[in-house]
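Comments concern the structure below.
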Amino acid sequence: MRKYTFPSLLPIAFISTLAFSTAQVNAFDLLDKANKLVEEKNKLTKTVNDTLKGDTSTPDDSSVEGAEDSELLDKYPRSQLIAYNQNDLTRTVLPLSANLPSDRTSFRKLKLSGEQKVYIYSVPAAVSNSYLKVFNTLKRNAADANFEILWQCDSAEQNCGQYLAKQAIYEERGEDASDIYHDLTDLYNLDDDTDFAMLTARTKVRGKPYFLFMLVNKYSSSKPVTYSFELVQADDPLKGQNNTAHQDEGENNSASTTAPTKGNLLQVKFPGSKLIAKHNNDLTRVVLPLSANLANGKRSEFKKLKLTGEQYVNIYSVPDNVSKSYLKTYSTLKQQLQAQGVKVLWQCDSAEKNCGVQLARQAIYEERGEDASDIYRQLADLYNVDRGADFAMLTGTLGSKGKEEYVYVNVVKFKNKTVNYSLELIKPESI
């Protein structure tokens, strides 16, 4: 009998299994693709339905990275945050009355030194085209948040004065407290022939006074309604003490906890700042300002201290994540110096408009020799410091008669750049 050999059945089983697995994988792929198509169809259907229903809603979330709406005051429904700025410490001016056509600087005002937060919003046209509806809604929100209205005006009532918003924000403040308002459409041009309203209010939260300045405007029919909240946490100047609310002597008492060892003025620094340049001269001549200078070709006419002696200059930069406030930096340095026993002979602040015209450049670059001034080229933008920048300076002295040392401080924030400052120490010698 002839013997037949049959081939192994294993390859057939393997092929069958492989075919089944492949079919199964293809089925899963098809199912996954089908699910994705269903999802896309559902999204498309929702979009079409929303459009047919006339749904013109806008995202409620902020378009400003890292910013959130205020916890103290509700925004207008479906308005969008378009700009935000926070200042650790700055000076602001809030109006308490309209100004006068004959003298625009004459109006009642609150001068505050404190932490400032400014929120700027846009209201889509599909949500509302009425500045008055937006203003009234926000005013009710303020009342619900226990804000007491101190003053308000409405262009329709002709009771806002002449260009008061521009006056209060751009002409009565320093740049660090006003620059954010460039994002509020057409604020610079607001007058009686445009639609706008504003108010100043105050409240107290957990024992701390807060002040609110709110401005709503619609410059023309083709533009959206925009509005701003400005919230300032500061001591209340309306307690019957002093209506200027300047806090030069006590803006930030935390400075005392970081004061250097008594008697070492060169260790004075703003916490977290970084030394970027230093210089010393065994003997040189310097000029330190004791007053503002004069405009109209008389810039060299200012009171000054002419000294000959040993010079030390340290220049620092303040990282943005430490502080963006020139005023907080200046106030902290001043308090540290006073804790050392320094007596302030003279000081000025650009927000107070009491520094004269390009005084820093005049005193350092035009009144000194190069050996005493060249180091200041490491202090960013000092040469350009004028009315368009935020800066403050002081001249002080320490020690008994005949053993005096002198200190000169410059703090500068030019436009939106980093805060920088210098500390100069002079030990006079007789020659």
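Numbering (my numbering), first residue to last: 746 to 1176. Each residue gets a CB set at the ideal place from its N, CA and C atoms; glycine is no exception.
Measure from the C-beta of Asp928 to each C-beta in chain D and report whether the shortest distance is under 8 Å. The structure shown contains no chain D; it is built from a single protein chain.
Which runs of the beta strand (DSSP E), 3 residues or longer, sit entirely within the region 879 to 967? The DSSP assignment places complete beta strand (DSSP E) segments of no fewer than 3 residues inside the region 879 to 967 at 893 to 899, 940 to 950 and 953 to 963, in order along the chain.
Please determine, among Pro846, Gln903, Ser867 and Pro969, the residue with the shortest C-alpha to C-alpha distance to Asp938. Gln903
CA-to-CA distance, Val1013 to Gly1144, given in whole angstroms: 16 Å
Quick check on Gln1107: does DSSP put it in helix, strand or coil? helix
Assuming Thr1077 and Phe1159 form a contact by the criterion Cβ under 8 Å, report the distance between their Cβ atoms to the nearest whole angstrom. About 20 Å separates the CB atoms of Thr1077 and Phe1159; that is not less than 8 Å, and the two are not in contact.
Limits of the unbroken alpha helix (DSSP H) element including Gln706: Residue 706 is absent from the structure shown; the chain starts at 746 and stops at 1176.
Helix, strand or coil, according to DSSP, for Tyr1011 in the structure here? What sits at residue 1011 in the sequence shown is Leu, not Tyr. In the structure shown, Leu1011 falls within a helical segment according to DSSP collapsed to helix, strand and coil.
At which residues does the beta strand (DSSP E) containing Ser867 begin and terminate? Per DSSP, Ser867 belongs to the beta strand (DSSP E) from Lys854 to Val868.
Nearest to Pro1034 (by Cα), restricted to the options Thr1053, Cys1093 and Gly1017: Cys1093
Member of Val1032, Lys963, Thr1140 and Asn1066 whose CA lies at the smallest distance from the CA of Tyr866: Lys963
Classification of Pro1064 by the beta-carbon crowding that lies within 10 angstroms, buried from 16 upward: Sixteen is the threshold: since fewer than 16 other Cβ atoms of the shown chains lie within 10 Å of the Cβ of Pro1064, the residue is exposed.
Euclidean distance between Cα positions of Lys1172 and Lys1073: 28 Å
Grouping DSSP H, G and I as helix and E and B as strand, with all else coil, what is Asp848? coil
Check whether the region 860 to 880 and the region 1105 to 1114 are in contact - that is, three or more C-beta pairs closer than 8 Å. no
Can at least three beta-carbon pairs, one atom from the region 915 to 930 and one from the region 941 to 948, be found at a separation below 8 Å? No, the region 915 to 930 does not touch the region 941 to 948.
What does DSSP give as the partner residue(s) for Phe974 in the beta ladder? Partner(s): Tyr864 and Met959.
In terms of residues, what are the limits of the alpha helix (DSSP H) holding Glu1115? Secondary structure note for Glu1115: its alpha helix (DSSP H) is the uninterrupted segment Glu1115 to Ser1118.
If you follow the beta strand (DSSP E) that Tyr1121 is part of, which residue opens it and which one closes it? It is not in any beta strand (DSSP E) - Tyr1121 carries neither H nor E in the DSSP assignment.
What residue range is occupied by the uninterrupted beta strand (DSSP E) comprising Arg823? It is not in any beta strand (DSSP E) - Arg823 carries neither H nor E in the DSSP assignment.
Got a sec: does the ligand PLP put a non-hydrogen atom nearer than 7 Å to the Cβ of Asn1025? Because no ligand of any kind appears in the structure shown, any question about the ligand PLP cannot be addressed here.
Closest by C-alpha distance to Val950, when choosing among Asp921, Ala942, Val1102 and Asp981: Ranking the options by Cα distance to Val950, first place goes to Asp981.
Residue range of the beta strand (DSSP E) that includes Glu813: Run containing Glu813: none; DSSP gives neither H nor E here.
Start and end residues, beta strand (DSSP E) containing Cys1100: Taken as a continuous stretch (DSSP letters only), Cys1100 belongs to no beta strand (DSSP E), as it is neither H nor E.
For Asn1165, count neighbouring Cβ atoms within 10 angstroms of its own Cβ and tell me buried if that reaches 16, exposed if not. buried
Note down, in chain order, each residue of its chain lying with its Cβ closer than 6 Å to the Cβ of Leu932, except the 5 sequence neighbours on either side. Counting only Cβ-Cβ distances below 6 Å, and skipping sequence neighbours, we find Ala910 and Tyr926.
State the start and end residues of the unbroken beta strand (DSSP E) segment that holds Lys732. Nothing about residue 732 can be read from this structure; the chain reaches only from 746 to 1176.
What is the C-beta distance between Leu839 and Lys854, in whole angstroms, given that I count them as a contact (C-beta under 8 Å)? 7 Å
For Leu1035, name the three-state secondary structure that DSSP assigns. Three-state result, Leu1035: coil.
If you drop the 5 nearest sequence neighbours on each side, which residues of the same chain put their C-beta closer than 8 Å to that of Asp833? Glu860, Ser1068, Lys1069, Ser1070 and Lys1073
According to the neighbour-count rule (16 or more other Cβ atoms, all chains shown, within 10 Å of its Cβ), is Gly811 buried or exposed? exposed
Quick one: residues in its chain with C-beta nearer than 8 Å to the C-beta of Val1087, no 5 flanking neighbours on either side, listed in chain order? Leu1010, Gly1141, Thr1142, Leu1143 and Val1152
Distance check for Glu1169 and Val1031, CA to CA, integer angstroms please. 10 Å
As a quick exercise: from Val970, Gly1147, Glu1115 and Ala1137, pick the residue whose alpha carbon is nearest that of Thr1029. Glu1115
Any idea if Pro969 is buried or exposed, counting beta-carbon neighbours within 10 angstroms, 16 or more meaning buried? buried
Three-state secondary structure assigned by DSSP to Pro982: helix
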